[in-house]
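Note that the working numbering has the sequence shown beginning at 2, numbered continuously upward. For each residue, glycine too, the CB sits at the ideal point set by N, CA and C.
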Amino acid sequence: MSETTAGEARTDGRPGAGAELAQSLTEAAARRPRSRDVRNLGHLLPFIRAHWRHAAAAAFFLLFSTGATLSMTAAARLIVDRGFASMEGLNRYFLIGAAVVLVLALATASRFYFITVLGERVVADLRKGVYRHVLTLDASHFLTMRTGEVLSRMTTDVTIIENLVGSSASIALRNILTLVGATVLLAIVSPRLTLFVMLLAPLIIIPMFLFGRRVRALSTRTQDRFAEAVGLAGESLDALETVQAFGREASADRRFGEAVEVAFRTSLKRVRARAGLTAVVITLVFGGVGLLLWAAAHAVVNGAMTPGALIQFVFLSVMAATSVGALGEVWGVVQQAAGAMQRISELLAARPLIAAPTHPTPLPVPARGEVVFEGLTFAYPGRPDLTALHDFNLRVEPGETVALVGPSGAGKSTVFRLLLRFYDPQAGRVLIDGVDLRDADPAEIRARMALVAQDAALFSGSALDNIRFGREDATIEEIHAAARAAEAAGFIEALPEGFDTPLGERAKTLSGGQKQRLAIARSLVRNAPILLLDEATSALDAENELLVQKALENAIGQRTTLVIAHRLATVLRADRIVVMEAGRVVEQGTHAELSRKGGLYARLAKLQFGVEAA
Ligand SMILES: Nc1ncnc2c1ncn2[C@@H]1O[C@H](COP(=O)(O)OP(=O)(O)OP(=O)(O)O)[C@@H](O)[C@H]1O
Ligand SMILES: [Mg+2]
């Protein structure tokens, strides 16, 4: 799952959405918290170990290419000291130099290849692993961690790791090796000058480092400011119709303009600091190099050093200095990756609360479709103080249609969530065909149910894809039959490409009633013995309403049906009405009985359905 392709698939012909996404990922990456504890990267080891051959090849070529680079300086020294003596010598040493270059080229290419492939492989495994794991988690995890945060961990954090394993880790290792190797060689070539460099280096590096850190902090702040501006603009553009309807274009413009100006002022600070940094760097670096050359030239004049050794010394110092600079740059990436890996491994360590028992009790075959709730008491993990269900009892016979009715927040949808075993109750139990949900495999339980949720989530893809979501092995004929039964075939066939028409993200090209009928078709194709309908609260126009009602009628058929009803027509069709209030069953009966009683139902019916009690 590459987020680039996913992004491109969703652009409605708009170019560059993938690039946009990549851009926003990089920006987001800059704002992810870092971790000083680099040990977090240890969590990557199992992923690397799985491809140890690649890792070994990468390490070998890393050592080899660094060795070759360092030996180039010796070749330069030989050319200067001995090669200039005769034409023949000159040719020979240049040939040696050329051979080293060739080896270096091959070794560097191989190092790059093996390290990059290793990195890409590890990241691909990590992405798949994280997504597969997240799919197993239950709702309680998403209460403590926002979906956006989970997504960030799956995309931004993994991208940070990709950056590390694919390039920064190799840069860091190579530069550490170069630094160590160059320092050893420097000490061999001229111990005295090396000591001189050691004393000089901190004077150059420390001010550069401190100044550089300030510039980086300023540039993150600029990005933050700009992200705020973009956030504001995006919000207004998403709801452009609302903005225009309220005539708030000017205020949106002003807010964005102000945010952009703030971002500009922050960038100005950054640019000034950066200009200063450039001056400081040039002064320090050239000053330092000049000082070193001056000392080295003295050594050559005094005869303490050959000109070739001077050349080698200068090359080595440049290599060592470059390595230090490169290490300073990647250190930030390493810390960032440590933070990212910490968040990813936290996610990987999360265990679902709802899991299949080791020896699940199989549900009886054929299914009868009997549902029993016994003394359920339940509070959501995030709201232990609020009992969503309170000693809830209900028995639904096979084939029966029960309508759940009650004020908003009564716990109707919660009953469904417990039946689907998204949560376990604190007391009581739920039985399907006589089997306690906790003893059965959740996958088997859910296979017996078809759900039409309150705001049925549809997916990008065609109408066909969305219906087939209900059952993967459904044939085209079954899909068409389901669409017909759900009164959806008419509008689907009228789409430009019929069943194959792309519906856009969350099927946003469809009207509310069409979405509901598509969701009903999706649950029908499942052909499950128990149907769960959470009727949408949003109002539909009369025609759509009629179609949805017909679709529901076909769907309910002979199945056991639990329907959370918001409409009179649905209630009238039910065999029994169960009235809920504050997590309890308060009344049961038919519409006529309950209306006559003049209790909560009669009041609700009057308010919600506009029906006077008989
Ligand atoms: N995920 C959740 N975490 C915490 N509390 C929740 C959660 N979902 C629902 N609740 C609370 O549980 C209670 C019952 O909610 P539920 O969704 O079952 O109501 P409902 O009867 O379906 O209402 P509506 O008719 O508005 O859909 C409400 O007080 C609600 O605030
Ligand atoms: Mg609800």
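Anyone know if the C-beta pair for residue i and residue j falls short of 8 Å?
| i | j | result |
| --- | --- | --- |
| Ala58 | Phe115 | yes |
| Met146 | Tyr132 | no |
| Ala51 | Leu165 | no |
| Val586 | Thr402 | no |
| Ala556 | Ala566 | no |
| Ala234 | Phe197 | no |
| Thr359 | Leu390 | no |
| Val579 | Ala404 | yes |
| Arg518 | Ala464 | no |
| Ile446 | Arg422 | yes |
| Leu138 | Pro353 | yes |
| Asp442 | Ala357 | yes |
| Val372 | Val397 | yes |
| Ala428 | Gly376 | yes |
| Leu174 | Phe314 | no |
| Asn92 | Gln343 | no |
| Leu103 | Thr70 | no |
| Phe210 | Gly329 | yes |
| Pro399 | Thr561 | yes |
| Val39 | Val335 | yes |
| Ala484 | Gly471 | no |
| His55 | Leu119 | yes |
| Leu293 | Val301 | no |
State the beta-bridge partners of residue i as determined by DSSP.
| i | result |
| --- | --- |
| Val397 | Val372 |
| Phe379 | Leu390 |
| Ala451 | Leu532 |
| Pro385 | Note: Pro385 sits in no beta bridge, so no partner. |
| Pro503 | Ser463 |
| Ala404 | Val564 and Ile578 |
DSSP on residue i, reduced to helix/strand/coil?
| i | result |
| --- | --- |
| Gly167 | helix |
| Gln427 | coil |
| Gln589 | strand |
| Met2 | Reliability of the predicted coordinates at Met2 is poor, the pLDDT of 34 falling under 50, and the value obtained from them is presented with this limitation in mind. In this structure, Met2 counts as coil in the three-state DSSP scheme. |
| Leu605 | helix |
| Val366 | coil |
| Ile97 | helix |
| Met199 | helix |
| Val436 | strand |
| His360 | coil |
| His44 | helix |
| Arg553 | The displayed chain sequence assigns Leu, not Arg, to residue 553. Residue state, collapsed to three classes: helix. |
| Asp139 | coil |
| Arg15 | With a pLDDT of 39 at Arg15, under the threshold of 50, the modelled position of this residue cannot be trusted; read the value that follows with caution. DSSP places Arg15 in coil when its eight states are reduced to three. |
| Lys129 | helix |
| His52 | coil |
| Gln559 | coil |
| Pro353 | coil |
| Thr221 | helix |
| Thr307 | coil |
| Thr415 | helix |
| Glu478 | helix |
| Leu511 | coil |
| Asp442 | coil |
| Ala457 | coil |
Comparing alpha-carbon positions, which option in the options lies nearest residue i?
| i | options | result |
| --- | --- | --- |
| Asp225 | Arg33, Glu498, Thr562 and Pro497 | Arg33 |
| Val436 | Ile177, Leu152 and Ala368 | Ala368 |
| Thr362 | Ile433, Ala389 and Lys516 | Ile433 |
| Val124 | Gly167, Pro497, Glu506 and Ala140 | Gly167 |
| Phe1 | Ala593, Ala411 and Thr109 | Look at the range of the chain in this structure, 2 to 615, and you will see that residue 1 is not part of it. |
| Ala454 | Phe95, Asp535 and Ala251 | Asp535 |
| Leu420 | Glu498, Asn467, Ile531 and Val319 | Ile531 |
| Ser268 | Val216, Leu285, Ile312 and Glu236 | Val216 |
| Leu317 | Phe265, Thr221 and Val185 | Val185 |
| Phe227 | Val261, Arg214 and Glu236 | Val261 |
| Ser141 | Tyr381, Lys516 and Ala543 | Tyr381 |
| Ala322 | Ile312, Leu241, Pro203 and Leu438 | Pro203 |
| Ile172 | Thr157, Arg214 and Thr117 | Thr117 |
| Pro208 | Thr279, Leu178, Gly149 and Gly232 | Thr279 |
| Ala448 | Lys270, Asp38 and Leu364 | Leu364 |
| Ser346 | Gly248, Leu127, Lys413 and Thr179 | Leu127 |
| Arg222 | Ile205, Ser191, Val181 and Arg266 | Arg266 |
Would you say residue i faces chain D, with C-beta separation under 8 Å as the test?
| i | result |
| --- | --- |
| Gly340 | Looking at the structure shown, chain D is missing, and only one protein chain is on hand. |
In chain order, what are the residues with a CB under 5 Å from some non-hydrogen atom of ligand 1?
Tyr381, Gly383, Arg384, Ala389, Ser409, Gly410, Ala411, Gly412, Lys413, Ser414 and Thr415
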